[in-house]
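**Q** When the count follows this note's numbering, it moves up by one through the sequence shown with no breaks and lands on 683 for the last residue.
Ideal Cβ positions, reconstructed from N, Cα and C, are used throughout, including at glycine.
Computed from a predicted structure; not experimentally measured.
Here you go, one structure.
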Amino acid sequence: MELNETVSVLKGVGPKKQAALEKLGIRTIADLVNFFPRDYEDRRQARSIGELEEEKPALVRAKVELVVKDPYRKGRKQILRVLVSDGTGNLELIFFQASYLANTFQIGKTYDFFGRPAANFGKLQMIHPDYAVSEKGLIQGILPVYPLTSGLSQKEMRLWQRTALAGIPEMEEYLPKEIVERNRLCSCHYAVSNVHFPKDKQPLLAAKYRLVFDELMALQLGLLAARQKTTGSKKGLVFHRGDAKAYIDSLGYQLTGAQQKVAAEIAGDLRSGRVMNRLVQGDVGSGKTAIAEIALYQAVKSGFQGVFMAPTELLAKQHFEGLSKSFQPHGVTVGILTGSMTAKEKRQVLERLALGEIQILVGTHAIIQPDVTFQNLGLVITDEQHRFGVKQRTALSEKGSDPHVLVMTATPIPRTLAVILYGDLDVSIIDELPPGRQQIITKAIDEGQRQTCYDFVEKELSKGRQAYVVAPLIDESEVLDVKSAEALYQELQDRMKGYQVALLHGAMKQKEKDDIMTRFYENQIQVLVSTVVIEVGINVPNATVMVIENAERFGLAQLHQLRGRVGRGKHQSYCVLVSKKSLEVAVKRAEIMVSSQDGFYIAEQDLKLRGPGEIFGTRQHGVPDLAIADLGRHTKILNDVKKEADQIIKEDPSLKQPVHAGMKQRVLKLFGDDFSLKL
Ligand code: ADP
Ligand code: MG
Numbered sequence: 005m006e007l008n009e010t011v012s013v014l015k016g017v018g019p020k021k022q023a024a025l026e027k028l029g030i031r032t033i034a035d036l037v038n039f040f041p042r043d044y045e046d047r048r049q050a051r052s053i054g055e056l057e058e059e060k061p062a063l064v065r066a067k068v069e070l071v072v073k074d075p076y077r078k079g080r081k082q083i084l085r086v087l088v089s090d091g092t093g094n095l096e097l098i099f100f101q102a103s104y105l106a107n108t109f110q111i112g113k114t115y116d117f118f119g120r121p122a123a124n125f126g127k128l129q130m131i132h133p134d135y136a137v138s139e140k141g142l143i144q145g146i147l148p149v150y151p152l153t154s155g156l157s158q159k160e161m162r163l164w165q166r167t168a169l170a171g172i173p174e175m176e177e178y179l180p181k182e183i184v185e186r187n188r189l190c191s192c193h194y195a196v197s198n199v200h201f202p203k204d205k206q207p208l209l210a211a212k213y214r215l216v217f218d219e220l221m222a223l224q225l226g227l228l229a230a231r232q233k234t235t236g237s238k239k240g241l242v243f244h245r246g247d248a249k250a251y252i253d254s255l256g257y258q259l260t261g262a263q264q265k266v267a268a269e270i271a272g273d274l275r276s277g278r279v280m281n282r283l284v285q286g287d288v289g290s291g292k293t294a295i296a297e298i299a300l301y302q303a304v305k306s307g308f309q310g311v312f313m314a315p316t317e318l319l320a321k322q323h324f325e326g327l328s329k330s331f332q333p334h335g336v337t338v339g340i341l342t343g344s345m346t347a348k349e350k351r352q353v354l355e356r357l358a359l360g361e362i363q364i365l366v367g368t369h370a371i372i373q374p375d376v377t378f379q380n381l382g383l384v385i386t387d388e389q390h391r392f393g394v395k396q397r398t399a400l401s402e403k404g405s406d407p408h409v410l411v412m413t414a415t416p417i418p419r420t421l422a423v424i425l426y427g428d429l430d431v432s433i434i435d436e437l438p439p440g441r442q443q444i445i446t447k448a449i450d451e452g453q454r455q456t457c458y459d460f461v462e463k464e465l466s467k468g469r470q471a472y473v474v475a476p477l478i479d480e481s482e483v484l485d486v487k488s489a490e491a492l493y494q495e496l497q498d499r500m501k502g503y504q505v506a507l508l509h510g511a512m513k514q515k516e517k518d519d520i521m522t523r524f525y526e527n528q529i530q531v532l533v534s535t536v537v538i539e540v541g542i543n544v545p546n547a548t549v550m551v552i553e554n555a556e557r558f559g560l561a562q563l564h565q566l567r568g569r570v571g572r573g574k575h576q577s578y579c580v581l582v583s584k585k586s587l588e589v590a591v592k593r594a595e596i597m598v599s600s601q602d603g604f605y606i607a608e609q610d611l612k613l614r615g616p617g618e619i620f621g622t623r624q625h626g627v628p629d630l631a632i633a634d635l636g637r638h639t640k641i642l643n644d645v646k647k648e649a650d651q652i653i654k655e656d657p658s659l660k661q662p663v664h665a666g667m668k669q670r671v672l673k674l675f676g677d678d679f680s681l682k683l
């Protein structure tokens, strides 16, 4: 049997089964043996019939005494009763629609049976047990449980796997010998056999380790190879006047230790002679703007222009106001460019920008437009970078000749994952908040307490504060979401007379959204009912309550982001999570939210609770679905893999060398057609 043959060579795989297997992505023998169990059943220990307990599935080794066909049903409907014994007792096995089994069991022969014992009028029975001739030992041991679809049984799958594993030639090692030895990996052949039918726990662990290593290796090589092309270590502008002390002194506060560390990392890049490509991750309120400002100051003092791009008008305006104020004493000119400006306003800004009169430009996507030209662009910063695609980042960079690039995000991603998702970027983390930040009081309640919750909101409003209410999400459908948000909006409007309640939802035009946000910012609106589009980075210090309805629908990272909208001013702030049902995972999430305000801790927990497929839209970041590796759990292996992969890509960026052919094949297979990975 060859690995590239189709599964139809296996006995029992006809067109129907073949179609079912295809649904699982299994076409060839290679696909089959690389389709891994999701779990295992430990059937190593056989029980004697006398020891059997009702309802507890068990393996029994017993001799067939009698085979009785039901005299009243013939043909396909035939019922078969098989009486077996092992010296400690008798057991009756029942098979329905069992004409095909009539000649399977030989009287006097010993078989293994696995099933759930039940008592029926004093007789011990098993219905449709798994069976095999004892001497073959096929159903004893640690048995795989596969993630199957309808039309396939575990039994068939196990049989095919066994046949395939026994039939294929010894697999060749595709990894260089040093890597296998350095990482103490078992051979790939051993790994594949033992992941399906492990003799013991230890071989199973060794097998899994190897397979996870292989998969992460393919992932890492693919990501590195893809990014090699976009970045590489290009020559960069040297910011020779990189001293920002004067600016830092004018901030009016001391930088936190974490800010100092990150500012120093950036300053190092700006002097290095290579193009900076750095991601700054910092929780909401950790002071990323100051970091951006310091870098911009260094650019301007070294004779370059800088640009600071934000995802929304309101954020851009906030940044513009802030930067204008803090740069003014240093004689640095700040300009703004957004989509809502008049043609005349825009023209003026563009002229001054081209002449170099505007030294720092703040703005929205409008900055990427082709008519925007700089005199001497040296630094590009994007705020809340996860809102922009790689394309937009690149477009912005092309406005200068290889300017330095800094991207900032408040979505905390555990470092291990950041290394993967942003393989082309260096990562700096601001893991400390400025002193004196208030704790946001967080409460998890169920629907029954909603009224009390809104009483509380009203109390805050009466003190002059403002509130966010995140509307329930019904399902994937936007129409339904809007409807339920509208219902909530009506309810609150009726209830909170004397206050302005507004509704903000995803289906609105950006202009409308910006408009509402601005009015909320200016306290013309007191209660903002919203589907989940409250802009990141928005700063309304007077808002003190965040109510999240249907909190069970949100992941931890989202809950954390939402909560970060309050607690930004001097007033004590609150976050209330309203949940419908006490789903176990929802309860856990709520507990974590109530107990911690540390974004990185929460992100780590999120990773553990959710499983790998859905973390922060990894697919959008170019990470394919994984079969066996789990980015949340296998971080240590990932680190080992990363070291090896870095080395390989350094020596052979497109995996051209013959020794890397096997790896290349695996990379291409993992990434498939969806990712158009060119190697
Ligand atoms: P984010 O990281 O969410 O973008 P900001 O840069 O908006 O955070 O900072 C939040 C607030 O904290 C701002 O008002 C800023 O002036 C203030 N801030 C930043 N750094 C410090 C610091 N080291 N000490 C005190 N306040 C700081
Ligand atoms: Mg910010």
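Out of SER658, ARG670, ALA665, which one is the CA nearest neighbour of LEU228?
**A** SER658
**Q** Taking THR293 as the reference, give the member of GLN309, SER344, VAL72, ASN543 with the closest Cα.
**A** ASN543
**Q** Rounded to whole angstroms, what is the Cα-Cα separation between GLN504 and VAL580?
**A** 21 Å
**Q** Taking only three categories from DSSP, how would you classify THR446?
**A** strand
**Q** At a cut-off of 7 Å, would you count SER290 as near ligand 1, judging by its Cβ distance to the nearest heavy atom?
**A** yes
**Q** Could you spell out where the alpha helix (DSSP H) holding ASP519 opens and where it closes?
**A** 514-525
**Q** Which value, in whole angstroms, describes the spacing of the CA atoms of GLN565 and THR548?
**A** 15 Å
**Q** Using the C-alpha atoms, what's the distance from ARG51 back to LEU87?
**A** So the alpha carbons of these two residues sit roughly 17 Å apart.
**Q** Under 8 Å, do LEU97 and PHE125 count as touching if we go by C-beta distance?
**A** no
**Q** Quick one: is the Cβ of TYR525 within less than 7 Å of any heavy atom of ligand 1?
**A** No - ligand 1 has no heavy atom lying nearer than 7 Å to the Cβ of TYR525.
**Q** Which one or two residues does DSSP pair with ILE131 in a beta bridge?
**A** ILE98
**Q** Which of helix, strand or coil does DSSP assign to VAL288?
**A** coil
**Q** Give the straight-line distance between the Cα atoms of ILE146 and LEU63, rounded to the nearest whole angstrom.
**A** 12 Å
**Q** Please report the straight-line C-alpha distance between LYS515 and SER328, rounded to a whole angstrom.
**A** If you take the alpha carbons of LYS515 and SER328, they lie about 24 Å apart.
**Q** Which residue comes first and which comes last in the alpha helix (DSSP H) that contains HIS408?
**A** No alpha helix (DSSP H) holds HIS408; the beta strand (DSSP E) holding it covers 408-413.
**Q** Hey, out of GLU176, LYS181, GLY155, GLY141, whose CA is closest to ARG166's CA?
**A** GLY141
**Q** State the start and end residues of the unbroken alpha helix (DSSP H) segment that holds SER599.
**A** 588-599
**Q** Looking at THR386 and VAL353, is the spacing between their C-beta atoms short of 8 Å?
**A** no
**Q** Is VAL11 near THR32, with beta carbons less than 8 Å apart?
**A** yes
**Q** Could you tell me which of GLY510, ASP518, PRO545 sits nearest to THR535, measuring between CA atoms?
**A** GLY510
**Q** Quick one: residues in its chain with C-beta nearer than 6 Å to the C-beta of ILE529, no 5 flanking neighbours on either side, listed in chain order?
**A** Short of 6 Å from the beta carbon of ILE529, and not among the five residues preceding or following it, lie these beta carbons of its own chain, in chain order: GLN504, ALA506, ARG523.
**Q** Would you check if the distance between the CB atom of ILE444 and the CB atom of ARG567 is smaller than 8 Å?
**A** yes
**Q** Determine the direct distance from the alpha carbon of SER432 to that of ASN380, and round the result to whole angstroms.
**A** 26 Å
**Q** Check whether the Cβ of THR293 sits closer than 7 Å to any heavy atom of ligand 2, and report yes or no.
**A** yes
**Q** Quick check on CYS190: does DSSP put it in helix, strand or coil?
**A** coil
**Q** If you draw a straight line from the C-alpha of ARG278 to the C-alpha of PHE39, how long is it?
**A** 44 Å
**Q** With DSSP as the reference, identify every bridge partner of LEU63, one or two as the case may be.
**A** ALA50, PHE118
**Q** DSSP state of ILE606, grouped into three classes?
**A** Three-state result, ILE606: helix.
**Q** Along the chain, where does the beta strand (DSSP E) containing THR548 start, and where does it finish?
**A** 547-552
**Q** Provide the residue span of the beta strand (DSSP E) that contains ILE653, from first to last.
**A** Looking at the DSSP string, ILE653 is not in any beta strand (DSSP E); the run it does join, the alpha helix (DSSP H), is 639-655.
**Q** For the beta strand (DSSP E) that GLN470 lies in, which residues bound it at each end?
**A** Per DSSP, the unbroken beta strand (DSSP E) holding GLN470 starts and ends at 470-474.
**Q** Spatial neighbours of GLY617 within its chain, please: C-beta separation below 7 Å, excluding the five flanking residues on both sides.
**A** Residue placement at GLY617 cannot be trusted, given a pLDDT of 41 that sits under 50; what the coordinates show is reported in the next sentence. Correct list, in chain order: ASP629.
**Q** For GLN258, is the beta carbon positioned less than 7 Å from some heavy atom of ligand 1?
**A** yes
**Q** Please tell me whether VAL384 and VAL311 are closer than 8 Å, where the distance is taken between their beta carbons.
**A** Taking 8 Å as the Cβ cut-off, VAL384 and VAL311 qualify as a contacting pair.
**Q** Taking DSSP's pairing of strands, which residues face GLU45 in a bridge?
**A** LEU147
**Q** How far does the alpha helix (DSSP H) with VAL558 in it reach, from first residue to last?
**A** Just to set this straight, residue 558 is Phe in the shown sequence, not Val. Taken as a continuous stretch (DSSP letters only), PHE558 belongs to no alpha helix (DSSP H), as it is neither H nor E.
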